[in-house]
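See below for the structure under consideration.
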Amino acid sequence: MSHLPTRFEQLEKFASLFGFIYSRENLARACSDNTLHDSCVKFEKELGDVDVTELEDELRIVLVDVDVTGRSAHDILNYIYRSGLCEMYPNLSIALRVLLTTSVSVATGERSFSKLKLIKTYLRSTMSERRLCGLSMIAIERHVARKLDYYFTG
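According to the working numbering, the stretch in the sequence shown is residues 2 to 155, in order.
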């Protein structure tokens with residue numbers, strides 16, 4: 002309960018930073034409200050990977066000219082990559098990749114630490130770091146490890 006306000010603040014920050022490119026409807030709303038430029042400036046200040054004016058221009062072009070079958074940021078990014086338009090929309094593709102690769106929750110990190118706690122017990126406290134890293138990777142990625150062929154043929 003004590004972490005809920007912090008998580009909601011983080012969610013609000015995420016929404017204020019990426020909300021204008023999250024869907025085509027949000028982008029259209031930002032263009033009609035004349036908040037697109039401010040949103041692009043805020044995005045550039047936080048991340049610094051894009052050019053504000055170019056991103057704004059790319060977003061306006063995508064909104065008007067690009068016929069995307071879906072309406073989400075994922076659909077727009079897929080369209081850009083499938084059509085070979087990455088060089089035409091470099092800032093937009095960066096912004097969408099950042100949006101889509103940002104972790105929504107910390108469950109994966111917490112799961113990794115709980116696995117590490119199971120592996121490194123008091124009896125294994127003298128284990129080398131290399132061995133501990135190897136065992137934790139096997140435990141965390143066990144679905145991949147089960148598919149490996151451990152028999153050496155050579």
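For every residue, glycine included, the Cβ atom is placed at its ideal position computed from N, Cα and C.
{"Asked": "Could you spell out where the alpha helix (DSSP H) holding ILE95 opens and where it closes?", "Found": "91-102"}
{"Asked": "Taking 8 Å as the threshold (C-beta atoms), are LEU93 and LEU133 in contact?", "Found": "no"}
{"Asked": "Taking the continuous alpha helix (DSSP H) assigned at GLY135, which residues delimit it?", "Found": "130-141"}
{"Asked": "Is there at least one non-hydrogen atom of the ligand MN closer than 7 Å to the beta-carbon of CYS87?", "Found": "Here there are no bound small molecules, and the ligand MN is not part of this structure."}
{"Asked": "May I have the straight-line CA-CA distance separating ARG135 from LYS148, to the nearest angstrom?", "Found": "Before going on, a small fix: residue 135 reads as Gly here, not Arg. Roughly 17 Å between the two C-alpha positions."}
{"Asked": "Assuming ILE95 contacts ASP50 under a Cβ cut-off of 8 Å, what Cβ separation, rounded to an integer in Å, is found between them?", "Found": "5 Å"}
{"Asked": "Ignoring anything shorter than 4 residues or poking outside the region 21-74, list the alpha helix (DSSP H) runs there in chain order.", "Found": "25-33, 37-48 and 53-66"}
{"Asked": "Under 8 Å by Cβ, that's how I've got LEU100 and PHE9 pegged, so tell me the actual separation to the nearest angstrom.", "Found": "Not really, about 19 Å apart at Cβ, beyond 8 Å."}
{"Asked": "Take LEU37 and list the residues in its own chain whose beta-carbon comes closer than 7 Å to its own, dropping the five residues that flank it on each side.", "Found": "PHE21, ALA31, GLU57 and LEU60"}
{"Asked": "Using three-state DSSP, classify SER17 as helix, strand or coil.", "Found": "helix"}
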